[in-house]
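Asks: Numbering (our numbering), first residue to last: 1303 to 1442. Note that CB positions come from ideal geometry on N, CA and C, so glycine has one too.
Dropping the structure here:
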């Protein structure tokens, strides 16, 4: 099984308070340190920092993967298989609109995974996924 270490990622947001509510109340992230320009969150054991940046008119780019238009860039977490379903249902119940609805990608192939994509209030794309067999995480 792969060794998993916490990562750190910092992302830009144009509305700090709206995104603070999203990550805390919708995704269920515990809030850590903060200032008037940034907020730390525990994103499934990883450090996510939202930083204020003025709004941009830049459009989201996509690449095709498994017949779907995947937003680039994006970030997220690989969840345990059993947790993916309950997390995706929680997001649906909270009214999250999906860019790509939860589904099984590469079904029956190496790298079979459950995946979903959605945007935070600042337009940052998030992907949460799960592998039926975590040993397939880097399978070719």
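In chain order, what residues of the same chain have a beta carbon less than 6 Å from the beta carbon of residue 1424, not counting five sequence neighbours either side?
Replies: 1315, 1316, 1321
Asks: Based on Cα-Cα distance, which residue from 1387, 1346, 1352 lies nearest to residue 1336?
Replies: For residue 1336, the closest of 1387, 1346, 1352 by C-alpha to C-alpha distance is 1352.
Asks: Just to confirm before moving on: does the CB-CB distance between residue 1380 and residue 1419 stay below 9 Å?
Replies: no
Asks: Tell me the rounded alpha-carbon separation between residue 1348 and residue 1309.
Replies: 5 Å
Asks: Might you give, ordered along the chain, the residues of its own chain that have their beta carbon closer than 7 Å to the beta carbon of residue 1390, omitting 5 neighbours on each side?
Replies: Setting aside the 5 residues that flank it on each side, residue 1390 is surrounded in the same chain by 1404, 1418, each with a C-beta closer than 7 Å to its C-beta; the list follows chain order.
Asks: Return the CA-CA distance between residue 1361 and residue 1375, expressed in angstroms with no decimal places.
Replies: 11 Å
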